[in-house]
Amino acid sequence: MNIDSGDYPYYVSDIRREEMLYACFLRSHITEGRIQSVKIPQLPKNVSVFSAKDFGKKNFITVNNLKIPLLADKEIRYRGEPILLITAPSSETLKSVCESVEIEYKEKEMLESIFSDLNGKTVIYKTSCSQSAAGEQEDEEAPEVISSFNTPVQEHFYPDSQGVFIEYGPSSKLKVIVSSEWPKHVKQTVMNITELPSEKVFVMLAKSSPTFDGKIWQPSILAAVASFAAINLKKSIKLVLSKKEDILYSGKRAPALFFIDACIGDSMKLHFLNFSFTYYCGAYFPFAKEMIETTAFGAKYFYNARSIKIRGEACVSNTPPTDFFSGISLPQFFFAAEMFINRLAKQKEVSPLELRLANINHAFFRSINYEKKDIFPILLAELNNRCDFTRKHAAYEHMRKRGGTSFPGSVIRGIGLSTAFQANGLNMHRGRFNQSVRMSLTPENIVKVNVSSIPNSKRTRQIWKESVSEILNLPIRNVTISYSFSDETASNGPTLLSGNISTINRLIKLCAEEIRSKAQTHGREQTITVEKVSSDLLSRNKKKFLYTSVTCAAAVAEISLRFLTMELIIDKITVILDCGYINNEAVARQKIETAVIQSILWVTRDESYQNLINESLFYYPGIDRLPEIEIIFRSSENGFEKGIGEIAYSLIPAALLTAVGQAVNKDLKEIPIENEKIFNLGEVDK
Amino acid sequence: MIIRFTLNNEEKTVDVPATKRVIDLLREDFDLLRNKVSCYQGACGSCSILLDNCIVSSCSILAFELKGRTVVTAEGFMKTEEYQRINHIFQKNQYDPCDFCRWGKIFAIHEFIHSEEHIDSDSLTRALKGNQCNCSSPTLLLSVAEQIVKAEKKINTGRKHERTARK
Ligand code: FES
Ligand code: FES
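Sequence order for the protein chains is A and B. In this note's numbering, each residue's number is its place in the first sequence (first place is 1) plus 237. In this note's numbering, each residue's number is its place in the second sequence (first place is 1) plus 3.
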């Protein structure tokens, strides 16, 4: 089990059995078009080839009501789409068979970039809403500021490639060993495709590296095709993507394009704020609604304006399918929103810090988190002190206006600020994809707890047990917990949606408290069962909130550019956050620091599809190129815990790019920003 | 090609194809699975082993090059007292990297302990930079590495003094 780090490390790639077969996909070489013919040569002994025809009507998996084909039938929707599944007794044979298969295509004209398809796009979900409030009159003179921003794909960071091992047992029993954040979905998919009953399909989580991003539904595809082959060939099958395949074709964070326009008056208050955004989901994306509504949630509540208009859409494109990543779509949203606010501050020549304080929706944060005080003024004041932000910002602005450094030989500096929230506890579909906890207390004082999550460590499990034992005043050994992958627990969707640990902590306490009060009123003669979902954490007048709590945070990025080479040096990242009660500060720090690093990579690593296709796959900056990272916890008086794992993805990109923009005296609007681009920005005093 | 080499303190003789890489030899022929493969291009450090007590990426070395040399893999190093002490400090600091980067980090620390390098954060950073891990805390890694190196150097100096005194 991946949750037990003491186990022998059985990653899928480590598993071998006598007489097993290796499997791989043969993928499309073209981006869009039709398959004309497939020529398969005489196959060596024990080699099999499966195509869409073999799967017949079962050539798909269903994820959140969307049907995704397992193998391409006639139409090719993206480069790298699997066309055939090949099995062979050794990986060498697999390779030679793959090389001998000939596929002819009729290719459609290729687009230059994913953003060039604006007119021909297929919208799969859209939303629009507007709200306006009575208030001061618009300042007729105030000019409108319009900007667009875009974010690229974000690559996953797990070092082990996605894969599955299907162990074929006596009387067609299948053991499916997989690294997935939605093992229940894997099981359901394998049962559908093989028509095996539940008791014949056993799903085990393989050990996996720390991050799960991009492993929501693609492991189900691998499990479906491999188990189909296993049943047909009556053999165990191992299907592990090569590293290159995994980087090229597994799920990424969806790229986005934002248009924002707004205007502020002399009071620094936003008169109106209009957001229009498009997400490019690749060939398939089953969570378009959750993604668009999460962005709309950010757009609606983060800043206050007399009128806010939101128009968003998700569309499919001819690139590999995308997947959910940490923060869902808030990182894309905050990148655009925070870049915009920084630009507004620059144009109006006001402090970006003051501009935020004047417009952040303080009432919303008090309300959703049940706070009395406004948290952002506290966070921003302390961040300002720690980083000396106001002074440095003014000094670098002065330099910027003079066209770069006036002291030849010295470095050019920049500083950027951003604010954001992390949304915790999705409250969209009651009971489906929601955090949930079911708890029962038997007359023998045994407590059984089912949680919609895979705990991220032994320590987390221990914390859950301790909470229950303390509230119900029972020994810890009386408490048993089953997790989202076990048969006793309902399928609550992928852990990214249903497994927010801090929300589970709160639900566990809520359940235990309710059981305690029921036991006090009705006695303990009968089993008492209580079930809670994330919306139970919101009071009646707040039920409309899409999430049940938010973690508030701000960050400053400080950078310098080397004289002449313009090499980007990230000097320091400072993050301050209010995440409520912290169970384990050391672990919390590690999580935030890791997310800061991954965000830096998102900003600085050029991973456009073009580059991936050109195979510049393995550029990783080493530990020697990482900046100093300072993390400051400022918890408010309210004690409940809030999430921390995702906040850095929303904070860092805008802070970093703003700092670079200040240094090079340019209005930058897209990431990634690599050294070559900075060098070419020109107009800088090199 | 038939070669002889020492693997985790045992003499081995194997017939290796000319193009087989060391990591494949270890994982496929000797079932030593703790060292992993990720990039297969010498870039990530997942396949790190000790070759004649120096850290190397075993995906970038051909198996026949092992002829007459000494290899220590994760499995071999786990039997040493030094590993027990390193692991103890990892655990004390709640530092638990995955198995893809774990051995690259441990072997880099081991190599540093036995080098003449002066301990400071720059030299430690240099020693660890071949390890591509984007999913655990570098600050904690540096702090853990520093604690280990200091403790081990102390032990080694103690041993040296003991030996000199005995002479
Ligand atoms: S697998 Fe050898 S260095 Fe990456
Ligand atoms: S690669 Fe192992 S913890 Fe990051």
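We put the beta carbon where it would ideally sit given N, CA and C, even for glycine. These numbers come from a predicted model, not from an experiment.
Indicate the three-state DSSP secondary structure (helix, strand or coil) for S504 of chain A in the structure shown.
-> coil
If we cut at 8 Å on Cβ distances, does R129 of chain B have a partner in chain A?
-> yes
If you measure beta-carbon to beta-carbon, which residues of the stretch 391 to 407 of chain A are closer than 9 Å to chain B?
-> Residues F394, Y395, P396, D397 and S398.
Could you tell me which chain B residues have their CB closer than 8 Å to the CB of T210 of chain A, listed as they occur along the chain?
-> Summary: the structure shown does not reach residue 210 of chain A, with chain A confined to residues 238 through 923, and so no result is reported for it.
Runs of alpha helix (DSSP H) wholly within the stretch 22 to 84 of chain B (minimum 4 residues, chain order) = 77 to 80
beta-carbon G400 of chain A near ligand 1 non-hydrogen atom, thresh 7 Å = no
Proximal chain B residues relative to D861 of chain A, where beta-carbon distance stays under 9 Å = D125, T128, R129, L131 and K132
Bounding residues of the alpha helix (DSSP H) (the contiguous stretch that carries M676 of chain A) = M676 of chain A -> not in any alpha helix (DSSP H); beta strand (DSSP E) instead, spanning S673 to L678.
Taking any Cβ of chain B, which residues in the stretch 477 to 489 of chain A have a Cβ under 7 Å from it, in chain order?
-> For the stretch 477 to 489 of chain A, the beta-carbon criterion of a distance under 7 Å to any beta-carbon of chain B is satisfied by K480.
Element boundaries [alpha helix (DSSP H), containing P456 of chain A] | Start and end: Q455 to L470.
If we ignore side chains and look at the alpha-carbon of each, how far apart do Q368 of chain A and I578 of chain A end up?
-> Their backbone Cα atoms lie some 20 Å apart in a straight line.
Might you give, ordered along the chain, the residues of its own chain that have their beta carbon closer than 7 Å to the beta carbon of L581 of chain A, omitting 5 neighbours on each side?
-> V382, A499, I501 and L592
Using the C-alpha atoms, what's the distance from K282 of chain A back to N848 of chain A?
-> Per-residue confidence for N848 of chain A stands at a pLDDT of 46, beneath the threshold of 50, marking its modelled position as unreliable; no derived number is given.
Residues near T426 of chain A by beta carbon distance below 7 Å, same chain, minus five either side = I298, S457, A460 and A461
Check the Cβ-Cβ distances between S118 of chain B and every residue of chain A, and say whether any is below 8 Å.
-> no
Looking at the structure shown, is L918 of chain A part of a helix, part of a strand, or coil, going by DSSP?
-> coil
Examine chain B for any beta-carbon lying closer than 8 Å to the beta-carbon of Q899 of chain A, and answer yes or no.
-> no
Tell me C261 of chain A's beta-bridge partners as DSSP assigns them.
-> Listed as beta-bridge partners of C261 of chain A by DSSP are A:I323.
Rounded to whole angstroms, what's the CA-CA distance from F562 of chain A to K828 of chain A? Just pull it up for me.
-> 15 Å
With a cut-off of 8 Å, do at least 3 Cβ pairs link the stretch 751 to 764 of chain A to the stretch 466 to 484 of chain A?
-> No, the stretch 751 to 764 of chain A is not in contact with the stretch 466 to 484 of chain A.
Counting only beta-carbon atoms, is E329 of chain A nearer than 8 Å to chain B?
-> no
Close Cβ partners of K156 of chain B (< 6 Å) along its chain, the five nearest in sequence each way excluded = none
Does any CB atom of chain A fall closer than 8 Å to the CB of C42 of chain B?
-> yes
Considering only C-alpha positions, which residue in the set A:R826, A:D251, A:E256 and A:Y395 is nearest to C47 of chain B?
-> A:Y395
Sorry if obvious, but does the Cβ on A154 of chain B come closer than 7 Å to a heavy atom of ligand 1?
-> no
Under 8 Å between beta-carbons, which chain B residues line up against Q368 of chain A? List them in chain order, please.
-> Here the premise fails: no neighbours, minimum Cβ distance about 39 Å.
Using CA coordinates, which residue listed in B:Q44, B:L54 and B:H91 is at the minimum distance from A154 of chain B?
-> When only C-alpha atoms are compared, the closest one is B:H91.
For the stretch 380 to 424 of chain A, which segments carrying the beta strand (DSSP E) assignment without a break, of at least 3 residues, lie completely within its bounds, in sequence order?
-> 382 to 388, 400 to 405 and 411 to 415
Extent of the continuous alpha helix (DSSP H) run through G898 of chain A | I884 to V901
In chain B, which residues lie less than 7 Å from T811 of chain A when you measure between Cβ atoms?
-> By Cβ distance, chain B contributes nothing, its closest Cβ being about 13 Å from T811 of chain A, past 7 Å.
Quick one: what's got a C-beta closer than 7 Å to N301 of chain A's C-beta in the same chain, skipping five residues either side?
-> P523 and F524
So, I109 of chain B versus S61 of chain B, is the Cβ gap smaller than 8 Å?
-> The answer is no: Cβ separation not under 8 Å.
Verify the contact flag: Y248 of chain A, CB atom, against every heavy atom of ligand 1, threshold strictly below 7 Å.
-> no
Residues near L322 of chain A by beta carbon distance below 7 Å, same chain, minus five either side = A260, F262, F287, L308, V462 and A466
Residues sharing a beta bridge with K304 of chain A, DSSP | A:T299
Does the Cβ-Cβ distance between F601 of chain A and V793 of chain A come in under 8 Å?
-> Not in contact: F601 of chain A and V793 of chain A (Cβ atoms no closer than 8 Å).
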